[in-house]
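Presented below is the structure to which this report refers.
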Amino acid sequence: MMEGGDIFRVSSARLSSSNIWRNTGMEAFSKSSREADDEEALKWAALEKLPTNLQRLLRIAEEGNENFLLKLKERILRVGLDFPTIEVRYEHLNVDAEAYVGSRALPTVFNFTVNILEGFLSYLHVLPSRKKPLPILHDVSGIIKPGRMTLLLGPPCSGKTTLLLALAGKLDPELKVSGRVTYNGHEMKEFVPQRTSAYISQNDLHIGEMTVRETLAFSARCQGVGARYGQNAGRVSRREKEANIKPDPDIDIFMKILGLEVCADTLVGDEMVRGISGGQRKRLTTARALFMDEISTGLDSSTTFQIVNSIRQSIHILQGTAVISLLQPAPETYNLFDDIILLSDGEIVYQGPREHVLEFFEFMGFRCPERKGVADFLQEVTSKKDQEQYRIHKDEPYSYVSSKEFSEAFQSFHVGRKLGDELAVPFDKEKSHPDALTTVKYGVSKKELLKACVAREFLLMKRNSFLILMASISMTVFLRTEMPKKTVTDGGIYMGALFYALIMIMFNGFSELALSILKLPVFYKQRDLLFFPPWAYSLPAWILKIPITLVEVAIWVGLTYYPTGYDSDAGRFFRHFFLLIWVNQMASALFRLMGALGRNMIVANTFGSGSLIAVLVLGGFILTRENIRKWWIWGYWISPMMYGQNAITVNEFLGNSWNHVPPGSNESVGVSVLKSRGIFPHAYWYWIGVGALIGYVLLFNFLCTLALTYLNRPGGGNNIQQSVSARSASSRVDGINEADPNRKKGMVLPFQPLSITFEDIHYAVDMPQEMKARGVQEDRLQLLKGISGAFRPGVLTALMGVTGAGKTTLMDVLAGRKNSGYINGTITISGYPKKQETFARIAGYCEQTDIHSPHVTVHESLQYSAWLRLPREVDAETRKVISNRRYLFFFFGENTYLHLTNKLQMFVEEVMELVELTPLRGGLVGLPGVNGLSTEQRKRLTIAVELVANPSYFHG
Numbered sequence: 002m003m004e005g006g007d008i009f010r011v012s013s014a015r016l017s018s019s020n021i022w023r024n025t026g027m028e029a030f031s032k033s034s035r036e037a038d039d040e041e042a043l044k045w046a047a048l049e050k051l052p053t054n055l056q057r058l059l060r061i062a063e064e065g066n067e068n069f070l071l072k073l074k075e076r077i078l079r080v081g082l083d084f085p086t087i088e089v090r091y092e093h094l095n096v097d098a099e100a101y102v103g104s105r106a107l108p109t110v111f112n113f114t115v116n117i118l119e120g121f122l123s124y125l126h127v128l129p130s131r132k133k134p135l136p137i138l139h140d141v142s143g144i145i146k147p148g149r150m151t152l153l154l155g156p157p158c159s160g161k162t163t164l165l166l167a168l169a170g171k172l173d174p175e176l177k178v179s180g181r182v183t184y185n186g187h188e189m190k191e192f193v194p195q196r197t198s199a200y201i202s203q204n205d206l207h208i209g210e211m212t213v214r215e216t217l218a219f220s221a222r223c224q225g226v227g228a229r230y231g232q233n234a235g236r237v238s239r240r241e242k243e244a245n246i247k248p249d250p251d252i253d254i255f256m257k258i259l260g261l262e263v264c265a266d267t268l269v270g271d272e273m274v275r276g277i278s279g280g281q282r283k284r285l286t287t288a289r290a291l292f293m294d295e296i297s298t299g300l301d302s303s304t305t306f307q308i309v310n311s312i313r314q315s316i317h318i319l320q321g322t323a324v325i326s327l328l329q330p331a332p333e334t335y336n337l338f339d340d341i342i343l344l345s346d347g348e349i350v351y352q353g354p355r356e357h358v359l360e361f362f363e364f365m366g367f368r369c370p371e372r373k374g375v376a377d378f379l380q381e382v383t384s385k386k387d388q389e390q391y392r393i394h395k396d397e398p399y400s401y402v403s404s405k406e407f408s409e410a411f412q413s414f415h416v417g418r419k420l421g422d423e424l425a426v427p428f429d430k431e432k433s434h435p436d437a438l439t440t441v442k443y444g445v446s447k448k449e450l451l452k453a454c455v456a457r458e459f460l461l462m463k464r465n466s467f468l469i470l471m472a473s474i475s476m477t478v479f480l481r482t483e484m485p486k487k488t489v490t491d492g493g494i495y496m497g498a499l500f501y502a503l504i505m506i507m508f509n510g511f512s513e514l515a516l517s518i519l520k521l522p523v524f525y526k527q528r529d530l531l532f533f534p535p536w537a538y539s540l541p542a543w544i545l546k547i548p549i550t551l552v553e554v555a556i557w558v559g560l561t562y563y564p565t566g567y568d569s570d571a572g573r574f575f576r577h578f579f580l581l582i583w584v585n586q587m588a589s590a591l592f593r594l595m596g597a598l599g600r601n602m603i604v605a606n607t608f609g610s611g612s613l614i615a616v617l618v619l620g621g622f623i624l625t626r627e628n629i630r631k632w633w634i635w636g637y638w639i640s641p642m643m644y645g646q647n648a649i650t651v652n653e654f655l656g657n658s659w660n661h662v663p664p665g666s667n668e669s670v671g672v673s674v675l676k677s678r679g680i681f682p683h684a685y686w687y688w689i690g691v692g693a694l695i696g697y698v699l700l701f702n703f704l705c706t707l708a709l710t711y712l713n714r715p716g717g718g719n720n721i722q723q724s725v726s727a728r729s730a731s732s733r734v735d736g737i738n739e740a741d742p743n744r745k746k747g748m749v750l751p752f753q754p755l756s757i758t759f760e761d762i763h764y765a766v767d768m769p770q771e772m773k774a775r776g777v778q779e780d781r782l783q784l785l786k787g788i789s790g791a792f793r794p795g796v797l798t799a800l801m802g803v804t805g806a807g808k809t810t811l812m813d814v815l816a817g818r819k820n821s822g823y824i825n826g827t828i829t830i831s832g833y834p835k836k837q838e839t840f841a842r843i844a845g846y847c848e849q850t851d852i853h854s855p856h857v858t859v860h861e862s863l864q865y866s867a868w869l870r871l872p873r874e875v876d877a878e879t880r881k882v883i884s885n886r887r888y889l890f891f892f893f894g895e896n897t898y899l900h901l902t903n904k905l906q907m908f909v910e911e912v913m914e915l916v917e918l919t920p921l922r923g924g925l926v927g928l929p930g931v932n933g934l935s936t937e938q939r940k941r942l943t944i945a946v947e948l949v950a951n952p953s954y955f956h957g
């Protein structure tokens, strides 16, 4: 039965004729040898001999993915092969975090220092830890069955991401976890969960310089997808011959194509273009258990339906396992699922068939209205704000039913009792398919992984260099017109030129710092998914830079050596060239190491600049060896720059052009120059310097590989941090609200209702050169063509249209955000011509991108926006009080502070409550995809920042 182990990997395959015949990015990672090309030609020749109409089949596959999968399943079952299936169980799973709460959680210098000291003392058991335990998941149990689509629902910060990470075996090791998760009865340590399951995040991490096809091709090559397709086709054909079964020619040609053309998975490719993770989407064809976290982010409801429907066909027919988290699925998307898991406040409120979920809540006394989407009802029925409206018995006194009460009641519901009975019976490991769980760490051999990484790195090396320009400038600065070599002063000028050459070569390696950090998020994702080992990533990044270094250094030396007037001996010219090669390699390796250690642009730039200053100051030129203090002399001996400085100056000043012995001296000018600068005047120091630089290159690259292996992305568990932040802040906010239950609600600041009218709006941009190259004759590309309309106060208007219709363009034009292009037409505000200077004061505009200061809290963001943007009508006394808000808070406490800041503060609190940001008021905004707020919370903050400006006109 093992022969069918990998058949499931064709689970989501759909084919496109354009994918088959078009020249694709897969070629960048294909075999380069002549044997490989001959082999490919023979395979395609065999395909062409098949009597089936290939184009017809490809069209049928696009139109009927389900029919193809059914035929494929029938063929595999006919020969006695089974699909490997996985049943995932989680029993008594608890996940807790420890974190500083309140003001101690803010990243101030004081908190950073105190937290380090407290952490060290608590590690030594001198002081107890000041971190507060915060539960994320509380005693959750359940079963994810194969062949069924499971929808995970829950409000933000309910623990959905944590549950998916736990099921995929990707939880942060710093979390406290109890309970167990098993696949077919096997513990996580018994197999490789990263290759058995796939966790797909809502954050899209890709290398921007690679095309979609190149991204998919690299992912497929690292996991050996195409080779396995070919093996599976061979297994099925072999079984059919043994059983004398005539194969379906349509399915036969598809199996052959799947073995040759990995990029034919157009279901994955098409949706990836719409923003779904390309590398992880390819894992849809290799993983047998899928855990997908809010994959609808950024997609319209139609596209989301198509994606979920395609996954559903694969899961149902090929018996896969899938848990998909969606925030607010449309009713038609919701109906595609078989099971529902409703999570709230870390408790499982319901888990079971979709048909019984409404029955359970009616059993609890809550009913979904007829015209209400069931998914929206499930999101709101556990909320304090919305629960009351769904009561069945409205004439009875109401009391809030908490998530814990729902969870306890579910145990007595018939679905909960059945689930408990199933969990009580252990999974029979004998029923597990031998190939269901992957025990091999990587998909292909390490040699193939290295070749794939080398090919990708080669694609990414197409970058510009400023070295030629700087070399030309340097050539003219030190031009050998009248440059004598008779005195020590003359030697000092050449010493400065040599030091400048070292500086330029080192700074050329500084670009590695930013390039390395930009690629790290994608690296961490692919490393954790076991695409390749870290050394297979770091080794090409080093080796492939050597040819670039040769070219850059050759250009520099060729332009500067003889024009500057260095020693004309050919041997010294090539030694000068050889040394600068290793200086550049050392600098590149050093800054790659800084990037791997810092992992953040700010931290890495700080470390990189600091290390560069230390290397330069202690290198022997700025401070000579005699001028360095004894307690800093160790820095001189470990500075790579010292060895480069000694080697390059010894090579120059021991040359024939510096052999002149001045009158009254017993040594040449060159030796005198070396001694005056504290340089060792011995020829063998050149080779000592070269050897030391080579050693540093090897050391820095080795340390870089270690850092890439053992360090994780800072803030990698940002979704968990968001849950912790919300829960740690909510207790303090609840206390404030409970202290003043009679607080007035409603809009506390008046505004002037205004209407906006626009007539015959035209917007055009210069015609792109690409379109002109295709024969387009017009000079301008018209994006808006005579748009007219009006927005009235008190009327909520929906601007709708397909992608590319011009919705965002129209709103940008109306808001005055377009700073390029050509705008024509009339815009009036309540009958007056629009003036951008005053319009910006009364308008609020939420753009698609959420741009916020990452190092302030949610409450601070709203408070500063209100203070800076509210009109002068806010009375002077309130403004004066608020200007001293920090002193009020410090001396009198938060209650007095809230009372004194009166209008503005009440308005900010009202807006926070309106957009449901109150639990996150003390949480940091953070960086998208790194730490802080989630995508959904960030969008709420964008809306709130505009609302606190009390705009008369709001659009977004």
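All residue numbers in the sequence shown are consecutive under my numbering, ending with 957. For glycine and all other residues, C-beta sits at the position ideal for the given N, C-alpha and C.
Rounded C-alpha distance that separates Ile-87 from Lys-190 = 16 Å
ask   = Along the chain, which unbroken stretches of the alpha helix (DSSP H) at least 4 residues long are found entirely within the region 387-474?
value = Listed in chain order, they are 404-413, 415-425, 447-461.
ask   = Any idea if Ile-623 is buried or exposed, counting beta-carbon neighbours within 10 angstroms, 16 or more meaning buried?
value = exposed
message = Could you compute how far the alpha carbon of Ser-658 sits from the alpha carbon of Ala-708?
response = The alpha-carbon atoms of Ser-658 and Ala-708 are separated by roughly 47 Å.
task = Report the three-state DSSP secondary structure of Ser-179 (helix, strand or coil).
result = strand
ask   = Any chance the region 149-157 sits against the region 307-325, with 3 or more Cβ pairs inside 8 Å?
value = yes
request  = For Ala-774, name the three-state secondary structure that DSSP assigns.
outcome  = If DSSP states are grouped into helix, strand and coil, Ala-774 belongs with the helices.
Close-in-space but distant-in-sequence residues of the same chain around Glu-49 (CB under 7 Å, 5 per side omitted) = The predicted model places Glu-49 with a pLDDT of 44, which falls under 50 and marks its position as unreliable; any figure quoted below should be read in that light. So the list is empty, once near-sequence residues are dropped.
ask   = Does the distance from the CB of Tyr-401 to the CB of Lys-385 come in under 7 Å?
value = yes
query = Based on the DSSP output, what are the partners of His-637 in its beta bridges?
reply = Looking at the sequence shown, residue 637 is not His but Tyr. DSSP output for Tyr-637 lists no bridge partner at all.
key: Pairwise C-alpha distance: Gln-203 and Pro-156   = 16 Å
message = Does the contact criterion of 3 or more C-beta pairs under 8 Å hold for the region 383-397 versus the region 352-366?
response = yes
query = Out of Cys-158, Leu-700, Pro-664, Lys-835, which has the shortest C-alpha to C-alpha gap to Pro-920?
reply = Nearest option by C-alpha distance: Cys-158.
query = Mind checking whether Gly-609 and Met-587 have CB atoms under 7 Å apart?
reply = no
Span separating the alpha-carbon of Gln-380 from that of Val-604 = If I take the Cα positions, the gap works out to 40 Å.
message = Could you check whether Ala-816 and Tyr-846 sit closer than 7 Å to each other, using their CB atoms as the reference points?
response = yes
key: Nearest-angstrom Cα separation, counted from Val-766 out to Ser-821   = Their backbone Cα atoms lie some 8 Å apart in a straight line.
Range covered by the beta strand (DSSP E) that runs through Pro-194 = Here Pro-194 belongs to no beta strand (DSSP E); instead the alpha helix (DSSP H) covers 194-197.
query = Using the C-alpha atoms, what's the distance from His-415 back to Leu-166?
reply = 29 Å
inquiry  = Please state the DSSP three-state secondary structure of Thr-827.
reply    = strand
Opposing strand residues paired with Phe-1 [DSSP bridges] = Because the chain in this structure spans residues 2 to 957, residue 1 falls outside the shown range and cannot be described.
inquiry  = Just to confirm my understanding: we take Leu-521, look at its own chain, exclude 5 residues before and 5 after, and list those with CB closer than 8 Å. What are they?
reply    = Gly-596, Ala-597, Arg-600, Arg-714
task = Just mark Tyr-833 as buried or exposed, buried being the case when its beta carbon has 16 or more other beta carbons within 10 Å.
result = exposed
key: Met-293 - containing beta strand (DSSP E), residue span   = If you look at Met-293, you'll find it in the beta strand (DSSP E) that goes 290-294.
inquiry  = Please report the straight-line C-alpha distance between Gln-195 and Gly-143, rounded to a whole angstrom.
reply    = Distance between the alpha carbons of Gln-195 and Gly-143 is about 21 Å.
message = Tell me which residues share the same chain as Val-662 and place their Cβ nearer than 8 Å to its Cβ, disregarding the 5 neighbours each side in the sequence.
response = Taken in chain order, the residues that qualify are Glu-668, Ser-669, Val-670.
task = Could you tell me whether the Cβ atoms of Ala-498 and Thr-607 are closer together than 7 Å?
result = no
request  = Could you please give the first and the last residue of the uninterrupted beta strand (DSSP E) stretch that includes Ala-799?
outcome  = Element bounds for Ala-799: n/a, residue is neither H nor E.
request  = List the whole-angstrom C-beta distance separating Leu-70 from Leu-344, where the pair is believed to meet the contact cut-off of C-beta under 8 Å.
outcome  = At roughly 31 Å, the Cβ-Cβ gap does not stay under 8 Å, so Leu-70 and Leu-344 are not in contact.
DSSP-derived helix/strand/coil call for Val-651 = Here DSSP, grouped into helix, strand and coil, assigns Val-651 to helix.
task = Report the rounded CA-to-CA distance for Val-912 versus Asp-529, giving the unit in angstroms.
result = 40 Å
message = Using only the alpha-carbon positions, how far apart do Gly-923 and Thr-858 sit?
response = 6 Å
Rounded straight-line distance, which links the Cα of Thr-383 to that of Arg-880 = The predicted model places Arg-880 with a pLDDT of 46, which falls under 50 and marks its position as unreliable; any figure quoted below should be read in that light. Near 40 Å, if we compare the C-alpha coordinates of Thr-383 and Arg-880.
ask   = Quick one: what's got a C-beta closer than 6 Å to Leu-704's C-beta in the same chain, skipping five residues either side?
value = So the list reads Leu-594, once near-sequence residues are dropped.
ask   = If you drop the 5 nearest sequence neighbours on each side, which residues of the same chain put their C-beta closer than 8 Å to that of Asp-339?
value = Arg-149, Met-150, Thr-151, Pro-354, Arg-355
ask   = How would you call Val-441, buried or exposed, if buried means at least 16 neighbouring beta carbons within 10 angstroms?
value = exposed
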